[in-house]
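Working notes for the structure below.
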Amino acid sequence: MKKYYDGEIQKSPRIQGLVDDLYEKMPEIEADRAVLLTRSYMETEGEPVITRRAKAFRTICEELPIIIRRNELIVGSNSKSPRSCQVFPEYSFEWLEAEFDTVETRSADPFYISEETKKSLHEVFQYWKGKTTSELATSYMAPETLLAMEHNIFTPGNYFYNGIGHLTVQYEKILAVGYKGIIAEAEAELACCRVSDGDYAKKSHFLNAVIISCQAAITFARRYAELALKEAENCRDEQRKSELLGIAMNCARVPEHGAESFWEACQSFWLVQMLLQTESSGHSISPGRFDQYMYPYYKADLDAGKITREFAQELMDCIWVKLNDLNKVRDAGSAEGFAGYSLFQNLIAGGQDEDGNDVTNDLSFMCIEASMHVMLPAPSLSVRVWNRTPDEFLIKAAILTRTGIGLPAYYNDEVIIPALVNRGVTLQDARTYNIIGCVEPQKAGKTDGWHDAAFFNMCRPLELVFGNGMDQGVQVGIRTGEIQELDTFEKFYNAYKKQTEYCIGLMVNADNAIDVAHAERCPLPFQSCMVDDCIKRGKSLQEGGAVYNFTGPQGFGIANMADSLVAIQRLVYDEKRLTLAELKKALEDNFGRGMEGGMAEKITARIAGDIAAAGKPVGEKEVSDIYRMVVAGLAAGPEKEKYEKLLETIEALPKYGNDIPEVDAFARDVAYSYTRPLEKFKNPRGGQYQAGLYPVSANVPLGAQTGATPDGRLAYTPIADGVGPASGRDVKGPTAAANSVACLDHFIASNGTLFNQKFHPSALAGMKGLQNFTSLIRGFFDQKGMHMQFNVVSRETLLDAQAHPENYKSLVVRVAGYSALFTSLSRSLQDDIISRTTQGF
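So the sequence shown is numbered by this note's numbering: it starts at 73 and just counts up by one.
Put into structure tokens, the structure is as follows:
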């Protein structure tokens, strides 16, 4: 395999042109899908919901405007303008209408929207009032759950406002038999149904919906075949005319039939990928093991002399560009949490087959080269690593990491495979896992994993302990005792665990309510026909049709919690330097750090709430008086000096991320306080809850909703991202940080863990730097860490990009489980990335 590492294929002018066109202007919100969907729904009132979904998808495939972008070899778009998006009002819409006038100017992921589009969407939205999954889900939630969400204990916003996504379908099946084969399978199953069967009504309508949906996909491809022929007739450039005729031939065959060439396979793959995100707004539709299911077509063409490696590479590069063309608009709050226009389309290379043999191949290397060529955030390229991973492949991956693009992410087979087996996945299926979205493992084509089901802020139950379950004067948590009653550290820590478990139960209630709402109002027949065993069971994914069903909400804040518990145990209980009451006061006062981040207003609101809860009147005058007192108190000199000394004391305590057993043991145990209770719960699809430990980029906006913490973190600043140390606190080098993270139980966090590190570019210089880097990865994985990902960029570069964004339009960085253009991120998220510790060897 050494030959694959030595040579680098140059980026073609075509690819550079496609990339330039992609980022020529701001993404735009388009109304075509919403209008077509609504018209179809109006025409199918009274029919079964699965039938309505299929007919709406057919209408969209028949009438959605189509376009072949300049010099494309792989075609298919669900928007007229590059990187633009459609709207999905069946899930939610109120937030978008409320943001019509601000969506273009917001700090994270702005979109242009025309007045004409606003008018069209406003008319469409009238129909959907009272009919969305979001509204139905809300009606199913317990009052205490809604209260906890209002107080930002957790947020299930991903599926609450959007489609589900978060899966990998059977691309290989469509490549082999096409949608004509799926139709035949559904028809055969339908022929076996009897009208007297107990499940006939639902099963027959589901199977018919599958047939309608597959026929719709075929129609969509044929429209592109006709358009390519039409453009070829009017094309005077002979090379481009030949390309258009090739495109027409491809779209006339696939994805209706199985692919017979690598170009057809690439085109078929793309139409599946794009149409999945036209049926539903769910993100993290992940291509999975692209190098495995595409390899037979590549090798057959190469062996037969029908294709060169260079042209195959260019086709892959074209797909990489197309993956960046897909987009979605989120509400302003969610845009902060998922900043960077990311759809989290995770594509993974390398790894094993079901018999445990390494299957790294030429396409595995070409996947890395494609990311080098386009230098774009998508796909979220990942590589699987185990003890038989070829060194050449890992070095090739490290060369990509060295570019600073934040790709690829690295995953450990030795942890992920047994973790999945422990959840009931067969060994053969577990060995062929792929990654979904950010960091979530699953078996492709058999799993409805509901990854990213909610963000659970592990610091919020700590705040509830200090308030005996009260937050801003409202009883949100349970009563675990006034702080003076918590006279031992064991009592305090047990109170935290009780608050956490109570809040987890509320989060589960929210997720299950949303789960039921999707099954009732938005089952997805097109998506479901490509996942086992939906056709055989006659059920959509949303109704439990998959072989494996999970729900995976993620917790984050481990580093802050570990450091906080160390501080509380040492300073309050062991050394008795201050009381819990004094610590509570310090936290409420934000360690005397003034009014940063709206501190005065938030403290005022909290005090006013406490007074109101005590039954005393709080009017405008009282609030004004409280505010003046807060401002005066925050500015008080002696108090501030006392707090500065306290912060110095806290800072001197041992911190997570420095290979200190005492602290690392706290981190492991506090992670258990989230992961162990969660796995006791079941979801409505008959599956198990499983924990993830990662925040995407929500550690920044959700940190902005969290007060100061005992580890010295100031109020409303970011919480530590993933399972890594808090920014700037890992001072003993990358190996020490990795050793600390490896102390966590990654096996139980089977929905994924996320470990970010940042290196100065000089650390990876030369072959020695690359070898040191790959040794770090293998060493961490030998200790049973699950995942690593890296930024390789200097602090100076990031600061200059922040000050002069016009000079860094193509600077891509690793955010969380994904990469994004640095200049597209909100200022707060940029600051968070800049503040991460820069390591070296």
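For glycine and all other residues, C-beta sits at the position ideal for the given N, C-alpha and C.
query: Can you list, in chain order, the residues of its chain with a C-beta nearer than 8 angstroms to that of Asn730? Leave out the 5 residues immediately preceding and following it.; result: Pro797, Arg801, Asp802, Val803, Lys804, Ala808, Ala809, Ser812
query: Just to confirm the assignment, what range does the alpha helix (DSSP H) spanning Ile806 have?; result: Correcting the residue identity first, residue 806 is Pro in this sequence and not Ile. Where Pro806 is concerned, the enclosing alpha helix (DSSP H) stretches over 806-814.
query: Starting from Asp948, trace the beta strand (DSSP E) both ways and give me its first and last residue.; result: Within the shown structure, residues of the chain are numbered from 73 to 913, placing residue 948 beyond reach of any answer.
query: Give the secondary structure of Ser636 by DSSP, where H, G and I count as helix, E and B as strand, and everything else as coil.; result: helix
query: Please look up how many angstroms separate the CB atoms of Val887 and Val735, rounded, as I've assumed it's under 8 angstroms.; result: With 8 angstroms as the limit, Val887 and Val735 do not qualify as a contact, their Cβ atoms being about 26 angstroms apart.
query: Mind reading off the beta-carbon distance from Ile630 to Val772? Whole number of angstroms is fine, and I expect it under 8 angstroms.; result: About 16 angstroms separates the two Cβ atoms, so there is no contact after all.
query: Would the region 226-239 and the region 505-516 be scored as touching if the rule is three or more Cβ pairs under 8 angstroms?; result: yes
query: Regarding Ala128 and the ligand NAP, is the C-beta to nearest heavy atom distance less than 7 angstroms?; result: Ligands in the displayed structure: none, and consequently the ligand NAP is not present.
query: Please list, in chain order, all residues of the same chain as Gly669 whose beta carbon is under 6 angstroms from its beta carbon, the five residues on each side excluded.; result: Residue placement at Gly669 is poorly supported in this model, since its pLDDT is 48, which falls under 50; the coordinates are not used for a value here.
query: Note the first and the last residue of the continuous beta strand (DSSP E) segment covering His859.; result: 859-864
query: Scan the region 425-471 and note each continuous alpha helix (DSSP H) run of 4 residues or more that stays entirely inside, going in chain order.; result: 434-446
query: Does the separation of the CB atoms of Tyr761 and Asn755 fall below 8 angstroms?; result: yes
query: So Gly34 packs on Glu535, CB below 8 angstroms; how close in whole Å?; result: No answer is possible for residue 34: the residues shown for the chain start at 73 and end at 913.
query: According to the Cβ coordinates, are Cys390 and Leu90 closer than 8 angstroms?; result: yes
query: Could you tell me which residues DSSP pairs with Ala421 in its beta bridges?; result: Val455
query: Hey, Ser276 and Cys264 are a contact pair by Cβ (cut 8 angstroms); roughly how many whole angstroms apart?; result: Actually they are not in contact, since the Cβ atoms of Ser276 and Cys264 sit about 11 angstroms apart, beyond 8 angstroms.
query: Give me the Cα-Cα distance between Thr227 and Met579, rounded to the nearest whole angstrom.; result: 8 angstroms
query: Please report the distance separating the alpha-carbon of Leu842 from that of Asn418.; result: 24 angstroms
query: Nearest by alpha-carbon distance to Pro992: which of Val196, Asp520, Phe416 is it?; result: Only positions 73 to 913 of the chain appear in the structure, and residue 992 is not among them; the question remains open.
query: Leu239 lies in the beta strand (DSSP E); which residues open and close that run?; result: It is not in any beta strand (DSSP E) - Leu239 carries neither H nor E in the DSSP assignment.
query: Going by beta-carbon coordinates alone, are Tyr243 and Tyr95 separated by less than 8 angstroms?; result: no
query: Leaving aside the five residues before and after Met858 along the sequence, list all residues of the same chain whose C-beta is less than 6 angstroms from its C-beta, in chain order.; result: Asn484, Val487, His818, Thr825
query: Quick one: grab the DSSP three-state call for Tyr766.; result: coil
query: Apply the 10 Å Cβ neighbour rule to Ala450 and answer buried if 16 or more other Cβ atoms are within range, or exposed otherwise.; result: buried
query: Relative to the C-alpha of Leu816, which residue among Gln339, Ala526, Thr895, Phe852 is closest?; result: Phe852
query: Are the Cβ atoms of Pro782 and Ile640 separated by less than 8 angstroms?; result: yes
query: Under 8 angstroms, with one C-beta from each stretch per pair, do the region 585-603 and the region 278-297 reach the 3-pair mark?; result: yes
query: Excluding sequence positions up to five away, which residues of its chain have a Cβ less than 6 angstroms from the Cβ of Ala442?; result: Met388, Asp389, Trp392
query: Using a Cβ-Cβ cutoff of less than 7 angstroms, which residues in the same chain neighbour Asn584 once the five nearest sequence positions on both sides are dropped?; result: Asn755, Pro756
query: Using the Cβ count rule (16 or more neighbours within 10 Å means buried), how would you classify Asn879?; result: exposed
query: Spatial neighbours of Val588 within its chain, please: C-beta separation below 7 angstroms, excluding the five flanking residues on both sides.; result: Tyr212, Pro756
query: Does the region 159-177 come within contact of the region 542-558, defined as at least 3 CB pairs closer than 8 angstroms?; result: no
query: Span of the alpha helix (DSSP H) holding Glu369?; result: For clarity, residue 369 is Tyr in the given sequence; the question names Glu instead. From DSSP, the alpha helix (DSSP H) with Tyr369 extends over 367-375.
query: What residue range does the alpha helix (DSSP H) around Pro749 cover?; result: 733-750
query: Output yes or no for whether 8 angstroms exceeds the beta carbon distance between Arg295 and Ile138.; result: yes
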